[in-house]
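So the structure is just underneath, and the comments pick up after that.
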Amino acid sequence: MTMRRAARCASDGSRDRPRNSTDHATGLRCREPGLHGFCRRSGNQQHMHPIFSFSLRAALLLAVAGTSSCGDSAPKGDDARISGQKAAATATGETFTVDTTASRIRFTGNGVGKNHPGIFRLSSGSVAVSNNAITGGSFVINIRSLDLEQKGGMFDEKLRPHLMSGDFFDADKFGTARFELTGVTPYKNEGKDTSIVEGANFTVSGNLTIKDVTKNISFPARVDLDANTLKATGNFDIDRRQWNMNYGNDKRLGDKFISETVNIELDLQARKGS
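For the numbering used here, add 56 to where a residue sits in the sequence shown, where the first one is 1.
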C-alpha cells in the first residue's frame with residue numbers, strides 16, 4: 057500500500073462517508089479518521105503503516121542474521137569414515153618435505169550458539185612419491201601450538217587452557233598428535249561435486265593418533281602434484297568421542313552442550329627434498 061493511498065483512505069471524502077466505511081477504489085476500510093495509514097482490507101486483515109512495517113521487518117531480519125552468525129554457521133565438511141587402525145603404507149620413491157610454516161590444520165568445535173575455531177601447526181612431515189603417485193607419508197601435529205582465532209581474555213585465559221586440559225587434548229601428557237598414511241586412491245566421485253572440497257580427486261586414508269588413541273580415517277581431498285611441489289586440501293568432520301574427548305557431550309546440559317562433531321580443514325604444502 058502506498059502512502060498516497062493510505063492518506064486517501066484516511067482523509068479523502070471522510071465527511072461524506074461514515075467511519076469504518078469501505079473505499080471501493082482501494083478496497084480498504086478506514087478504522088479511525090486521523091489515524092493516517094492505519095487501514096485494513098475488507099475481511100479484517102490488518103495492514104500496518106508502511107514506515108512501521110518496514111522498521112519491524114528490518115528488526116526481524118537483523119535478529120535472524122545475528123542468530124545465524126552466532127549459532128547456525130558451524131562449518132560443514134565431508135563425513136570422514138572412521139574405522140580401526142590399519143597397516144601403514146610403505147613409503148617408496150622421492151621425498152617431499154612438508155613446509156611447516158605454510159601448512160596448517162584448522163579445526164572448529166561448536167556448541168549451542170557458539171563456534172570456536174583454532175589452528176594447529178605441524179612439527180614435521182613428509183610425503184613419498186613414486187611415478188607421480190603418493191606411496192606413503194606421515195605428519196606430526198604440535199598440539200601445544202594451538203592458536204585460537206578468537207582473541208581476548210575469555211578465550212586466552214579460559215578457553216585455551218580448557219582445551220589443553222584433560223577434558224580435551226591433555227597437552228601436558230600428549231603434546232603431539234600423528235597422522236600416518238595408509239592409502240591414497242582416486243576419488244570415485246571426481247567431477248560430480250559430491251565433496252565439500254572443490255576439485256576433490258583422491259580419497260586419503262590414514263591412522264590418526266590423538267591422546268594415544270589411534271583410529272583410521274578416510275576423506276576426500278584435492279592433491280596437486282608437480283615435479284617439485286605437492287599441495288593437498290581437505291575439509292572433513294570427525295567425532296571427537298572416538299579419541300576419548302567426551303566433555304560436554306550431553307544434551308541435558310542445555311546451552312552448555314558441546315557437539316561431538318569437530319570440523320577439520322587441512323592445508324598441506326610440501327617441497328621435493330629436505
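Where a beta carbon is used, it is the ideal one built from N, C-alpha and C, also for glycine.
Supposed close pair residue i, residue j - CB separation, criterion 8 Å
i    : j    : result
R137 : I273 : 7 Å
Q298 : S159 : Contact doesn't hold; Cβ gap of about 24 Å is too wide.
G167 : I320 : Going by Cβ atoms, the distance from G167 to I320 rounds to 17 Å, so no, they are not a contact pair.
Inter-residue Cα distance where the pair is residue i and residue j
i    : j    : result
I190 : A233 : 22 Å
L286 : T151 : 11 Å
A121 : N171 : In this prediction, A121 scores a pLDDT of 36, lower than 50, which makes its location untrustworthy; the coordinate-derived value is nonetheless stated afterwards. C-alpha separation (whole angstroms): 16 Å.
V253 : K132 : 11 Å
G174 : S139 : 26 Å
G169 : D295 : 19 Å
F195 : D306 : 32 Å
G290 : V260 : 9 Å
G176 : G149 : Here residue 176 turns out to be Phe, not Gly, going by the sequence shown. In a straight line, the C-alpha of F176 is about 28 Å away from that of G149.
G209 : F292 : 30 Å
M301 : G222 : 9 Å
D323 : A288 : 6 Å
K271 : D311 : 30 Å
K142 : G193 : 14 Å
S77  : R308 : Bear in mind that a pLDDT of 46 at S77, under 50, signals an unreliable position, so the number given afterwards is only what the model happens to contain. Using only the alpha carbons, I get a separation of about 57 Å.
Q206 : L264 : 26 Å
D249 : V154 : 28 Å
L204 : V269 : 24 Å
D228 : E316 : 22 Å
E246 : D134 : 14 Å
K214 : V318 : 20 Å
Reference residue i, options the options, closest by Cα
i    : options                : result
A283 : S182, N188, N319       : N188
K328 : A184, T148, K267, L215 : A184
G255 : S261, L264, G262, K244 : K244
T241 : S201, R177, G262, N319 : G262
L202 : D293, T164, D249, R308 : T164
N198 : F225, V279, S186, Q206 : F225
F258 : R278, V269, T153       : R278
L281 : S186, L204, A227       : S186
M220 : E246, G247, Y303       : Y303
Proximity below 8 Å, CB of residue i to CB of residue j
i    : j    : result
T238 : A145 : yes
F230 : K267 : yes
S179 : T156 : yes
S251 : P276 : yes
Simplified DSSP assignment, three categories, for residue i
i    : result
D203 : strand
E316 : strand
Q325 : strand
D311 : helix
D212 : helix
P276 : strand
P131 : coil
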